[in-house]
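Q: One structure follows; several queries about it will come next.
2 protein chains.
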Amino acid sequence: MVATTSDRRVRRSQNALQTALLSLMSERQYDQITVQDVIDRADVGRSTFYAHYSSKEALLNASLGELRTVLTSPNEQPLGFSLPLLRHIEQHRALGQALFGSAQHTPVAQRIMSLLEEAIRQDLLQARLTQLPLPLDGFTKYAAGAYLAIVQWWLQAAEPMQPVELDRLMRRLILAATHP
Amino acid sequence: MVATTSDRRVRRSQNALQTALLSLMSERQYDQITVQDVIDRADVGRSTFYAHYSSKEALLNASLGELRTVLTSPNEQPLGFSLPLLRHIEQHRALGQALFGSAQHTPVAQRIMSLLEEAIRQDLLQARLTQLPLPLDGFTKYAAGAYLAIVQWWLQAAEPMQPVELDRLMRRLILAATHP
DNA sequence: TCCTTTCCGAACATGATGTCTGGAAACGAA
DNA sequence: TTCGTTTCCAGACATCATGTTCGGAAAGGA
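Chains as they are written, first to last, in the working numbering: chain A, 7 to 186; chain B, 7 to 186.
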């Protein structure tokens with residue numbers, strides 16, 4: 007969203023394309039949006055699109071400038087970016103859902119997450135862990151997301167720890183908040 | 007991976023297709039795999055594929071039977087599925103990376119996650135939180151994954167809480183393990 | 001005003017998806 | 001082994017999205 011050139015035509019084209027993409031992403035998933043859709047909404051020629059961006063991904067990158075700004079603003083405490091970010095998202099719910107829900111938009115992640123969530127939910131219910139700091143749904147999603155992220159890190163680590171270690175760690179990290 | 011029919015031809019075809027997909031997923035990302043790739047590796051005719059599965063997604067679903075089995079096995083404690091799952095993954099690293107890394111395979115999620123990770127890493131470093139229960143990389147990924155999941159839940163909630171509340175909750179959940 | 005850059009639309013090659021055909025092959029049951 | 005049924009196959013096909021290329025028209029800046 008930031009001006010790079012002095013040529014008004016360039017500015018107008020790029021801005022129209024970025025705005026069009028974000029607007030479309032508020033309505034449907036990113037991968038359901040074609041280049042044709044974008045240039046139609048931006049009212050820009052096909053060749054003009056490719057004159058500015060080599061692909062849809064390149065346009066996406068350019069379109070996320072505002073979010074980057076919010077996240078990289080200096081702050082004092084850990085997760086200091088959080089509150090401004092949450093307020094910002096609240097103002098743009100549809101776009102927020104598109105961006106933060108995007109991890110669900112791939113068939114694989116969708117299946118994995120839902121399998122994980124189901125397993126975790128069962129465990130929580132069975133263990134009578136009902137004194138949670140947030141509704142069961144939310145805690146389940148939190149736990150599944152955290153679990154997925156850690157396994158992912160584990161699989162990419164240069165010297166991966168033993169399953170037993172990692173398993174103990176999982177409990178310490180994820181279940182820490184279940185005992186208020 | 008489970009027999010449904012008594013006709014050997016059907017069993018062979020379905021098994022070949024499921025195995026081929028998982029095998030390909032150990033090599034590259036799911037969305038980089040075409041139906042043509044699958045049927046080539048399975049050595050099966052194109053029309054045969056569509057006789058059994060309506061799409062690549064349908065085949066994926068059928069192929070995840072084994073994982074479902076591991077996750078839904080009964081157990082006692084919360085996260086009881088974890089250790090068997092981790093052991094299982096360790097035996098199939100490539101496939102594990104494909105499945106659990108899948109959330110990163112969409113351009114949007116990839117950008118969001120990396121922006122989040124960067125912000126969190128900065129915060130942790132600045133706050134001198136170096137006594138973490140796991141390496142900084144891992145904790146960063148854990149925090150980012152958890153944050154993403156909670157925001158996602160928040161945006162879909164029927165009665166979403168206030169940003170201030172959620173922000174407090176985030177700290178309680180995510181940073182709980184930073185004070186050992 | 002004048003030179004340069006950008007825009008446009010249309011056409012094109014490429015490659016993936018999903019459907020459909022008729023004949024060949026494999027199956028299970030008798 | 002035979003026989004009726006089901007599945008498999010190759011290939012052709014329509015459809016749709018991507019990314020490239022072109023020359024002429026329009027808009028920009030100096």
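Cβ coordinates follow ideal geometry from the N, Cα and C atoms, glycine included.
Bear in mind that the values here come from a model prediction, so they are computed numbers and not experimental data.
If you reduce the DSSP assignment to three classes, tell me which class Asp143 of chain B lands in.
A: Correct three-state label for Asp143 of chain B: helix.
Q: Is it true that the segment 19-36 of chain B meets the segment 113-124 of chain B, where meeting means three or more beta-carbon pairs spaced less than 8 Å apart?
A: No: the two stretches stay apart, fewer than three of their Cβ pairs being nearer than 8 Å.
Q: How far does the alpha helix (DSSP H) with Met31 of chain B in it reach, from first residue to last?
A: Per DSSP, Met31 of chain B belongs to the alpha helix (DSSP H) from Arg14 to Met31.
Q: Taking only the alpha-carbon atoms, compute the straight-line gap between Gly86 of chain B and His98 of chain B and give it to the nearest angstrom.
A: Their backbone Cα atoms lie some 20 Å apart in a straight line.
Q: Please list the partners that Thr3 of chain B has in chain A, where partner means a Cβ-to-Cβ separation under 8 Å.
A: Lying outside 7 to 186, the shown extent of chain B, residue 3 of chain B is not represented and no answer is given.
Q: Comparing C-alpha positions only, which one of B:Ser108, B:Tyr36, B:Arg14 and B:Ser12 sits nearest to Ala155 of chain A?
A: Checking every option, the nearest Cα to that of Ala155 of chain A belongs to B:Ser108.
Q: Unbroken alpha helix (DSSP H) runs of length 4 or more, entirely within the segment 109-171 of chain A: which are they?
A: Counting only runs of 4 or more, we get 113-132 and 142-162.
Q: Can you pull the chain A neighbours of Tyr36 of chain B, defined as C-beta to C-beta under 8 Å?
A: Within chain A, the residues near Tyr36 of chain B are Thr112, Pro113 and Val114.
Q: Please state the DSSP three-state secondary structure of Phe106 of chain B.
A: Here Phe106 of chain B sits in helix by DSSP.
Q: Counting only C-beta atoms, is Glu96 of chain A closer than 8 Å to chain B at any point?
A: Yes - at least one Cβ of chain B is within 8 Å of the one on Glu96 of chain A.
Q: With a cut-off of 8 Å on the beta carbons, I'd call Tyr148 of chain A and Ala152 of chain B a contact; round off their distance for me.
A: Between Ala152 of chain B and Tyr148 of chain A the Cβ distance is about 6 Å, and since that is below 8 Å, they are a contact.
Q: In chain B, which residues lie with their C-beta within 7 Å of the C-beta of Ala158 of chain A?
A: As written in the sequence, residue 158 of chain A is Gln, which differs from the Ala given in the question. Those within 7 Å of Gln158 of chain A in chain B are Phe106, Gly107 and Lys147.
Q: Hey, how far is the Cα of Met7 of chain A from the Cα of Gln103 of chain A?
A: Summary for Met7 of chain A: the model assigns pLDDT 48, below 50, so the residue's position carries little reliability, and this model does not support an answer.
Q: Buried or exposed for Glu158 of chain B, going by 16 or more other Cβ atoms inside 10 Å?
A: Per the sequence presented here, residue 158 of chain B reads as Gln, with Glu not at that position. Buried.
Q: On the criterion of 16 or more Cβ atoms from any shown chain inside 10 Å, does Thr184 of chain B qualify as buried, or is it exposed?
A: Looking at its Cβ environment, which holds 16 or more other Cβ atoms inside 10 Å, Thr184 of chain B is buried.
Q: I'd like the span of the alpha helix (DSSP H) that includes His58 of chain A, first residue to last.
A: Where His58 of chain A is concerned, the enclosing alpha helix (DSSP H) stretches over Arg52 to His58.
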